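Converting from the sequence shown to our numbering requires adding 230 to each position, the first position being numbered 1. As structure tokens, the structure follows; a few thoughts come after it.
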Amino acid sequence: MKRINVRCIVSALAVMLLFSQMDLHAQVTVVLQQPPPFQFKIEHMWKVTLINPTTTTYRVYLHGVASESAKGQIVSATTAAFSLAPGVKVVNSRELVPMSVDVNNNKYANVVENVGAVPTGDYEICVTVFNAETGVELGTQCIQAQTQNMSQVELLLPENGVKIISGGGTDVAGSGNDGMTTTGTKTNEDTGIPANYVNGSSITFNWLPPSPIPPGVKATYSIRIAEMLGNQSPSDALLSNPAFYKNQNIYSSVFLYPTGGRRFENNRTYAWQVGAYLNNELISESETWEFTYTDNSQHTFVDNKSTSANELGNTSSSFAGQHLLLASTDNSQLADMIYENEKENKPSPLLFSGNAKLSWETGYKDLPFSEVPKSILTAELNPSLILYDLPITANILLSSQNGSDRQSINRFAFNVDFKSYRENLKTRLGDKIKELSGWDNFMMSFIALGIGINYPSYSDYTLKGVPVTGINVELNPGILYAAFAASKNQRSIQNIAYQRNLYAGRLGLGKKEGTHLFFTGVYVKDDENSMTVSSTTSAMGPSISPGSIPLTPKANDVFGMETKLALFQDHILIEGEGNAAILTRDTRDADLEIKEIPSWIKGVLHPKISSSFDYSYSGKISYNNTGSATRISFNTKMIGPGYVSLGAPNLRNDQIAYEAKAEQGLFSRKISLSTFFRTSHDNLIDWKSSTTTTSAYGLNLGLNFPKLPFLQVSYSPVVQKNDDSVLTRKVENKTSMLSAVTGYVLLIDELNISTTVAYTRNEALTLSGLSDYHTNSISITEGVSFNNPFSFSGTWGLIKTASLSLNSHISNYDFSVNAAFSEFLTSTIGVDVTAEEAVNHKTGFYLTTTISPWKNITLNARAEQTAYKDLADNTLNYDELIFHVALNVQW
231 MKRINVRCIV SALAVMLLFS QMDLHAQVTV VLQQPPPFQF KIEHMWKVTL
281 INPTTTTYRV YLHGVASESA KGQIVSATTA AFSLAPGVKV VNSRELVPMS
331 VDVNNNKYAN VVENVGAVPT GDYEICVTVF NAETGVELGT QCIQAQTQNM
381 SQVELLLPEN GVKIISGGGT DVAGSGNDGM TTTGTKTNED TGIPANYVNG
431 SSITFNWLPP SPIPPGVKAT YSIRIAEMLG NQSPSDALLS NPAFYKNQNI
481 YSSVFLYPTG GRRFENNRTY AWQVGAYLNN ELISESETWE FTYTDNSQHT
531 FVDNKSTSAN ELGNTSSSFA GQHLLLASTD NSQLADMIYE NEKENKPSPL
581 LFSGNAKLSW ETGYKDLPFS EVPKSILTAE LNPSLILYDL PITANILLSS
631 QNGSDRQSIN RFAFNVDFKS YRENLKTRLG DKIKELSGWD NFMMSFIALG
681 IGINYPSYSD YTLKGVPVTG INVELNPGIL YAAFAASKNQ RSIQNIAYQR
731 NLYAGRLGLG KKEGTHLFFT GVYVKDDENS MTVSSTTSAM GPSISPGSIP
781 LTPKANDVFG METKLALFQD HILIEGEGNA AILTRDTRDA DLEIKEIPSW
831 IKGVLHPKIS SSFDYSYSGK ISYNNTGSAT RISFNTKMIG PGYVSLGAPN
881 LRNDQIAYEA KAEQGLFSRK ISLSTFFRTS HDNLIDWKSS TTTTSAYGLN
931 LGLNFPKLPF LQVSYSPVVQ KNDDSVLTRK VENKTSMLSA VTGYVLLIDE
981 LNISTTVAYT RNEALTLSGL SDYHTNSISI TEGVSFNNPF SFSGTWGLIK
1031 TASLSLNSHI SNYDFSVNAA FSEFLTSTIG VDVTAEEAVN HKTGFYLTTT
1081 ISPWKNITLN ARAEQTAYKD LADNTLNYDE LIFHVALNVQ W
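Structure below.
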């Protein structure tokens, strides 16, 4: 009985609340739902409840108006007529079709068309219900709303694709990718990925904040870091994998990975993303980037066979703790078999190889900053079959980390390696390659064929980085080019994600790597029947904590054209791309009638009231002369504020950017010089209160002479500022990165002594000075190896951080011993100590052993004990002993 009474009271209060908002003279009460903070989309106007207290059923229509306090009426809309019976009715937008939308201020027509929103301002939103038969007003309500359109969070450091190296070694210097490094860098000439040198796990994460932020509003940030497994993309890893580290209470745009965080694992790749909040409400997410972490302090030694050990890259590494899933396949055994077959200059009808990997990790504690489970069991099977030179591979991955509240980690992929097939035929046949049969020529035209989970890559603006479970085909016979990918992009997860299907295709003329003209189409749609969600469910899922953005089924169409012109033996490349996209934020919404949208678009795409249309374009001209070690490029891009491709998630839009780069090697690349300049600005359609401009330049100098210490120096400042006339919204953020790293290897008979010294300075300055941040870091690494099984490595580092609320001194000590007893048995033992003065300290011990009892079987075992103590809050203390065991079998 008590339970019934409580329910009656709650129901009565709800009815009283609704009727308290009634106009006593109105025949119908209108109750508007408040839009999300700082946002107002056109579809928000129809989040309305109607109360008909009479006994009459009316035929009615709705008329809505959004007026800004200074700019006047911006947009109005009128619905179709529908029936309103007595009682309470929650309006379904599908009942409102056809709906007409009029932009009353032509200055902002592009805002409504491209973004489906209104300009920044203070708004009064009114919805009136009219009797459709008499035209008499039956009721109305107005609410106040503030909108603040802002730039998206822009990631700066660590750079996308960077290799981060902790500890000693001479393989850490060289030429950076674009100069924006915080440390000494080395660029892999094959991949173009730069490397950064850091102290332990003390990685500095840096980004530019959204702009402009409203006065009196608290801006905070969150960061999420997840390990990438197999061939996952960064965005897939963040949606599928548990967080290795997460933090939702960051008050600055510079974040130093904390001492209390788990140490990043050696030779593993991580994805990261930042979310921006205003008054604890999520308002934007950054793009997703990745970095690879290598811990040389555990395993570095220098070969005693080279008189040029001081040249970059002359460092040998031996480590037994490599993670199970560094790549989707390991084709070293396959490559050996292909090579042996090539020596006979004839194809074998059948070759079979592969590898199987099984790993178990246990001992993880439940920590507030991590979602890693206590134990992890992972299995991967990678069989490979060579059928007449054609490599066919499969990848099966199963992990106990798979969770029902995230996208699936478990996967199956089946691929044909046509690249190896072409290279093998060219090597075996030489000049006779032109005499290939029709079947061989047809097979040579394939670029990709995959079944299962694939990651098709068309361009940065259309399709890149999202998983597609189904089929992926790409072929280039002669001058014809075609590609197709389908069909499932994500699975349905209750209250987190709708099932999403993706279909993409390309068709054109020319060679993919040479001169060509391609046309692209991408269609993505959520299945609105795949689940039922509440109107308040967050659309962010596990990647960023839930915010105020409701989860709705979306649809997206992208059409584009890409061209490339290769001149003078590919020394000069001219590239261009243009795309148009329409995004429907809720496929359940009413159809839209708006004069600003061309009729042919309406006929083909059937836009809804939550649809927006925009476009992007890019162009690039580059000169590359490997003989003179010269590379020069200039590129530009424009991404409209409403341009969205669900095939390229979190693409930073509303920007026009220009960038120039130049790299030059001198004296057989013993001296490397590089520089870049880039600038961009937003507010392309005057929908924000100000225009934000970001400018950056970088300088790199690398010296790499034999028998002399190497030196790498880089400097790169970034400035973000806007032209807001309101002083409290004005922005001027300055970030600068200065780094220097030097090292030398001394060879004395059978003794090798390597020394590396690195210095880094990061500085972030704001207009008010309240969020200023300074970090200085220095580290010295010493490595000693003998012509015997033993080598030693030690690192000392100091990091000083200063801000208005924090002054920190972090000291780090790391010492390890590596013993290669034989080619079948190696071990590494080490200790690392990190202490933040008067704040915390952490001590770690580790032991790693690799045993290879047979040629194709390897067993890796690692024990790692970590004790962390927080001197101010003992609830943050933890002590964990983690065991890793991995078995790798090749055949």
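Backbone N, C-alpha and C define an ideal beta-carbon position, used for all residues, glycine too. Being a predicted model, the structure only gives us computed values, none of them experimental.
Return the CA-CA distance between T308 and V341, expressed in angstroms with no decimal places.
Counted from its first residue, the sequence shown places residue 308 at position 78. Counted from its first residue, the sequence shown places residue 341 at position 111. C-alpha separation (whole angstroms): 19 Å.
Less than 7 Å separating the beta-carbons of N880 and T692?
Looking up residue 880 in the sequence shown gives position 650. Looking up residue 692 in the sequence shown gives position 462. Their beta carbons are not under 7 Å apart, which means N880 does not touch T692 by this criterion.
Tell me whether the beta-carbon of S516 lies closer than 7 Å to the beta-carbon of L385.
Residue 516 sits at position 286 when you count from the first residue of the sequence shown. Residue 385 sits at position 155 when you count from the first residue of the sequence shown. Closer than 7 Å, so yes.
To the nearest angstrom, report how far apart N471 and E520 are at their CA atoms.
Reading the sequence shown from its first residue, position 241 is the one you call residue 471. Reading the sequence shown from its first residue, position 290 is the one you call residue 520. If you take the alpha carbons of N471 and E520, they lie about 14 Å apart.
On the three-state DSSP scale, how would you describe F906?
Sequence index remark: in the sequence shown, residue 906 carries index 676 (1-based). Note: F906 maps to strand in three-state DSSP.
Counting Cβ pairs, one atom from each stretch, are 3 or more of them under 8 Å apart for the segment 730-743 and the segment 701-721?
yes
Which residues mark the beginning and the end of the beta strand (DSSP E) in which A715 is found?
Your numbering for residue 715 matches position 485 in the sequence shown. Segment L710 to Q720, the beta strand (DSSP E) holding A715.
Any contact of the segment 269-283 with the segment 320-328, i.e. 3+ C-beta pairs under 8 Å?
yes
Considering Cα atoms alone, identify which of A643, I355 and S634 is closest to I304.
Locating residue 304 in the sequence shown gives position 74, counting from the first residue. Among A643, I355 and S634, the Cα nearest to that of I304 is on I355.
Please work out which residues of its chain come closer than 6 Å, Cβ to Cβ, to G505, disregarding the five sequence neighbours upstream and downstream, and give them in chain order.
In the sequence shown, residue 505 corresponds to position 275, counting from 1. Residues of the same chain with a CB within less than 6 Å of the CB of G505, apart from the 5 flanking positions on each side, are S452, L512, E515 and I774 in chain order.
Kindly indicate which three-state DSSP category N930 falls into: helix, strand or coil?
Position 700 of the sequence shown, counted from the start, is the residue given in the question as residue 930. Secondary structure at N930: strand, using DSSP grouped into helix, strand and coil.
Would you identify the three-state DSSP class for A811, choosing helix, strand or coil?
Position 581 of the sequence shown holds residue 811. Three-state DSSP puts A811 in a strand.
So what does DSSP say about D533, is it helix, strand or coil?
Here residue 533 corresponds to residue number 303 of the sequence shown, with the count starting at 1. Since pLDDT at D533 reaches only 41, below the 50 mark, its modelled position is unreliable, and no value is offered.
May I ask you to list the residues that DSSP assigns as paired with R1092?
Your numbering for residue 1092 matches position 862 in the sequence shown. BP columns for R1092 point to T1078 and H1114.
Contact between the segment 492-504 and the segment 365-378 is defined here as three or more beta-carbon pairs at a separation below 8 Å; is this criterion met?
no
Once DSSP output is grouped into helix, strand and coil, what is the label at T856?
Translated into the one-based positions of the sequence shown, residue 856 becomes position 626. In the structure shown, T856 sits in coil (DSSP, three-state: anything other than H, G, I, E or B).
Could you tell me the distance, in whole angstroms, from the CA atom of L1089 to the CA atom of E610?
By 1-based counting over the sequence shown, the position of residue 1089 is 859. By 1-based counting over the sequence shown, the position of residue 610 is 380. Taking the straight line joining both Cα atoms gives about 15 Å.
Can you give the Cα-Cα distance for L822 and I839, rounded to whole angstroms?
Here residue 822 is taken as the residue at index 592 of the sequence shown, counted from 1. Here residue 839 is taken as the residue at index 609 of the sequence shown, counted from 1. Their backbone Cα atoms lie some 5 Å apart in a straight line.
Going by the DSSP bridge assignment, what does W200 pair with across the sheet?
Not covered by the structure: residue 200. The range shown for the chain is 231 to 1121.
Note down, in chain order, each residue of its chain lying with its Cβ closer than 6 Å to the Cβ of L620, except the 5 sequence neighbours on either side.
Looking up residue 620 in the sequence shown gives position 390. The answer, listed in chain order, is Y651.
Kindly provide the ranges of any beta strand (DSSP E) runs that are 3 or more residues long and lie completely inside the segment 867-896, ordered along the chain.
885-896
What are the complete beta strand (DSSP E) segments, minimum 3 residues, inside the segment 909-974?
922-933 and 940-952
Out of L977, G973, S1033 and T972, state which residue places its alpha-carbon closest to the alpha-carbon of G999.
In the sequence shown, counting from the first residue as 1, residue 999 sits at position 769. Nearest of L977, G973, S1033 and T972 to G999, Cα basis: S1033.
Determine the extent of the beta strand (DSSP E) in which K319 is found, giving its start and end residues.
Mapped onto the sequence shown, residue 319 falls at position 89. Looking at the DSSP string, the run of the beta strand (DSSP E) that includes K319 is G317 to V320.
Would you say V258 and L368 are within 7 Å of each other, going by their C-beta atoms?
As a working note, residue 258 is residue 28 in the sequence shown. As a working note, residue 368 is residue 138 in the sequence shown. Cβ distance < 7 Å, so V258 and L368 count as in contact.
Which residue from Y847, A716, F1113 and Q382 puts its Cα closest to that of Q1095?
On the sequence shown, position 865 is the one that residue 1095 refers to. Closest by alpha carbon: F1113.
List in chain order: all unbroken alpha helix (DSSP H) runs of 4+ residues lying wholly within the segment 465-520.
none
Can you name the residues that DSSP bridges to R736?
As a first step, residue 736 is located in the sequence shown; it is residue number 506 there, counting from the start. Bridge partners of R736: A713 and T750.
Can you round the beta-carbon distance between Y1076 and A1093 to whole angstroms, since I take them to be within the 8 Å contact cut?
Locating residue 1076 in the sequence shown gives position 846, counting from the first residue. Locating residue 1093 in the sequence shown gives position 863, counting from the first residue. 7 Å between Cβ atoms; contact.
Would F1022 pass as a contact of V1063 if the rule is Cβ separation under 7 Å?
Along the sequence shown, one-based indexing puts residue 1022 at 792. Along the sequence shown, one-based indexing puts residue 1063 at 833. No, Cβ-Cβ distance for F1022 and V1063 is not below 7 Å.
Between which two residues does the beta strand (DSSP E) containing R289 stretch?
Here residue 289 refers to the residue found at position 59 of the sequence shown. For R289, the enclosing beta strand (DSSP E) stretches over residues Y288 to E298.
Mark F268 as exposed unless 16 or more other C-beta atoms lie within 10 angstroms of its C-beta, in which case mark it buried.
Translated into the one-based positions of the sequence shown, residue 268 becomes position 38. With 16 or more other Cβ atoms within 10 Å, it is buried.
Pop quiz: T923 and T909 are said to be a contact at Cβ under 8 Å. What is the actual Cβ separation, rounded to whole angstroms?
Counted from its first residue, the sequence shown places residue 923 at position 693. Counted from its first residue, the sequence shown places residue 909 at position 679. The beta carbons of T923 and T909 sit about 7 Å from each other, so the pair counts as a contact at 8 Å.
Just list the residues that DSSP pairs N390 with in beta bridges.
On the sequence shown, residue 390 is found 160 positions in, with the first residue counted as 1. According to DSSP, which records beta bridges pairwise, N390 is partnered with nothing at all.
Would you grab the beta carbon distance between S1015 and F1054 for me? Rounded to a whole angstrom, and I think it's under 8 Å.
Sequence index remark: in the sequence shown, residue 1015 carries index 785 (1-based). Sequence index remark: in the sequence shown, residue 1054 carries index 824 (1-based). The Cβ separation is near 20 Å, so there is no contact.
DSSP three-state call for S580: helix, strand or coil?
Taking the sequence shown and counting its residues from 1, the one referred to as residue 580 is at position 350. The question names Ser, yet the displayed sequence has Leu at residue 580. L580 falls in the coil class under three-state DSSP.
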